[in-house]
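Protein chains in written order, with this note's numbering: chain A, 1 to 260; chain B, 261 to 703.
Structure below.
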């Protein structure tokens, strides 16, 4: 069969753009909500927890606000991306049952949206770093972008499995909401990892979100880098997850239109 | 020269798994594990093979559940077949509905881009054709308004305009495409006919045989997932009409059985009620009530005594000589009236009236009109037609028996039965009630 869409990029981009436009249409502040939401979360958490946790860098400067912000933004990228990916096929049911477009384009378009919002949010990080007069090392910045990309891979892999599964099992969204909350508290976002007993560190870092958040903060704010072998293991696991998600997707997607 | 093939389908099969209760939550999935078989299998398509040539207008007909929509969805790529293969040569339109992806919150302009991209057009193509699309939809002034402010007619126009500019070589069309008012439907079909003249292939799924007869080059009849007939449009549609006729006969037979059963039940219930009433009256010593019931009975008996004739049964015999309710246009039909003479009477007059359900009498004949004397020592009378040229539709029959004057009838069965007529071939296209032999002459 010949290809129906010569240009998948245009299709994905069009779907993502439409979603983005629709999301903020009709609200007075419009696109500002994309920035405002994480900032408000950050402000609330900062006022509540800054008196409890007060990490400092080697120069003795308080770094809690920076750590909290980086953690929150990375986590909400993950949470929103997976949430959107999970419900992508269901919320675009018409595109699945009434027409043929490759279904992965629908899933990908939904996740791109959260990536766009995340990139806008990077402005806040830059702003806060500027206010604090804090300049991270360039390797750390590179690592930060790499880790952000890893989060995106996590989101896409999860969505490839969850979106077709959600068509069959509608309570998946409830389960995922609870799991997201657990993931948030099991990751060093509100608290620095060092506040936990050292014996739990390895266990906590098995959670990929915790791993990414922790090592991003370590490199960006404290200029501590993990052993390269640790990064390598993480990347291998990530690739394995991504590849298997594609296989699972291909198996499940065949009957997705019938199950809808 | 042989025409190249646009679509080739080989041994296609598709089975659906239908859970008894749709499993949409993990809990029900967990429960179902312990049950033996929580689902049924439904074979929507069973070993189907056919070819559609390029430039053909191909119709697929069949009743509900015959697998025609499933087939279309497989051709579009929405469903994956279990077995067999589909080979498509050329770009196929992947949509079964108009305006897919339309969002009421977006402007007409945005919706054109969105819908067109989903239909497989590139951004550049849409840019080039944008003015044409807007022009065709006649929505120029409104194009930057939100879709939610459009009337449904405007939406359909916009959707249709985008879809015909999507420029696919093979067009799939479910009958959902043809919804909307009659005007729009014919506009659609005419547009698709234009497609044909451009050498494009159109596959149309419908259960409207008239559309198939009018537009299609070839047709295919599906029944329970199998091809019953394929090829010449008239042959296929006739087969469809014939199948429907025999299905209809079966259905009417079932209905009749059910009606007889219901009537017997009703009679038993009434008798029971009468008995209870009588007992009640007795018990309360209301002689009046009792008398009334007895009077009623007496009056009934009196009426019975005054009746000369009772029509016991009417049979409608077709060309096979079998009692039935479904006939073909021009079939030999005999209406056999069975009656019982209660009291001998010399001047009996039997009549048969036929009316179209949609209104209007087709005929009304009685024996007096035709100077026929009915013998009161017989029990049967037949009104025979060598050929009853009624066109497709439903007709109901009144049967009556009078004495010397029509004012007082001895027995009258209004709406005794409803007959259905089906027409084959060209006669299926005729309008009206009766097929009158006719010819066209040129100067």
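The beta carbon of each residue, even a glycine, is placed where N, CA and C say it ideally should be.
About 15 Å separates the beta carbons of residue 257 of chain A and residue 278 of chain B, which is beyond the 8 Å limit, so they are not a contact pair. Fewer than three Cβ pairs drawn from the segment 125-142 of chain A and the segment 22-31 of chain A lie within less than 8 Å of each other, which leaves the two stretches out of contact.
Per the DSSP secondary-structure output, residue 614 of chain B pairs in a beta bridge with B/623 and B/657. Taking residue 333 of chain B as the centre and dropping the five residues before and after it, the same chain places the C-beta of 339 and 356 closer than 8 Å to its C-beta, in chain order. The beta carbons of residue 659 of chain B and residue 574 of chain B sit about 5 Å from each other, so the pair counts as a contact at 8 Å. Ranked by Cα distance from residue 679 of chain B, the options B/306, B/629, B/586 and B/577 are led by B/586.
For residue 530 of chain B, the three-state secondary structure derived from DSSP is helix. DSSP places residue 208 of chain A in the uninterrupted alpha helix (DSSP H) bounded by 208-222.
For residue 158 of chain A, the enclosing alpha helix (DSSP H) stretches over residues 138-168. In this structure, residue 44 of chain A sits away from residue 260 of chain A, with a CB-CB distance that is not shorter than 8 Å. Taken through DSSP and simplified to helix, strand or coil, residue 362 of chain B comes out as coil.
Under the 8 Å criterion on CB atoms, residue 31 of chain A is classed as non-interfacial with respect to chain B. Judged by DSSP secondary structure, residue 370 of chain B falls within the alpha helix (DSSP H) whose first and last residues are 368-378. For residue 10 of chain A, the chain B residues whose Cβ falls inside 7 Å of its Cβ are 377, 382 and 383, in order along the chain. The beta-carbon of residue 95 of chain A is placed less than 8 Å from the nearest beta-carbon of chain B. Residues of chain B with a Cβ closer than 7 Å to the Cβ of residue 14 of chain A are, in chain order, 373, 374 and 377.
Taking a contact as a CB-CB distance under 8 Å, the pair residue 104 of chain A and residue 249 of chain A counts as one, their CB atoms being some 7 Å apart. Note on geometry: alpha-carbon atoms of residue 523 of chain B and residue 513 of chain B lie some 15 Å from one another. For residue 31 of chain A, no alpha helix (DSSP H) segment is defined, and its DSSP state is neither H nor E. Within the segment 334-349 of chain B, 336, 337, 338, 339, 340 and 348 place their CB atoms closer than 7 Å to a CB of chain A, listed in sequence order.
By DSSP's assignment, residue 57 of chain A forms no beta bridge with any residue. When 8 Å is used as the limit between beta carbons, residue 363 of chain B is near these residues of chain A: 18 and 22, in chain order.
Think of a sphere of 7 Å around the beta carbon of residue 100 of chain A: the chain B residues whose beta carbon falls inside it are 336, 337, 338 and 354, in chain order. By the criterion of a C-beta distance shorter than 6 Å, residue 160 of chain A is surrounded in its chain by 245 and 249, once the five residues flanking it on both sides are discounted. Taking a Cβ-Cβ cut-off of 9 Å, residue 251 of chain A has no neighbours in chain B, whose nearest Cβ is about 11 Å from it. Ranking A/158, A/150 and A/187 by CA distance to the CA of residue 232 of chain A puts A/150 first.
Contacts with chain A at 8 Å (Cβ-Cβ) include residue 276 of chain B. What residue 258 of chain A touches in chain B, judged by beta-carbon distance under 7 Å, is 276 and 339, going in chain order.
With contacts defined as CB atoms closer than 8 Å, residue 88 of chain A and residue 163 of chain A qualify as a contacting pair. Take the alpha-carbon of residue 506 of chain B and the one of residue 598 of chain B: they are about 26 Å apart. Taking a contact as a CB-CB distance under 8 Å, the pair residue 336 of chain B and residue 46 of chain A does not count as one, their CB atoms being some 53 Å apart. Listed along the chain, the chain A residues whose CB falls inside 7 Å of the CB of residue 418 of chain B amount to none; the nearest CB is some 16 Å away. The beta-carbon of residue 393 of chain B is placed no less than 8 Å from the nearest beta-carbon of chain A. Between residue 188 of chain A and residue 210 of chain A the beta-carbon gap is near 6 Å, inside 8 Å, which marks them as a contact. Within the same chain, and ignoring the five residues on either side of residue 153 of chain A in sequence, the residues whose Cβ sits closer than 7 Å to its Cβ are 238 and 242. Excluding residues up to 5 positions away in sequence, 305, 308, 341 and 344 lie with their Cβ nearer than 6 Å to the Cβ of residue 272 of chain B in the same chain.
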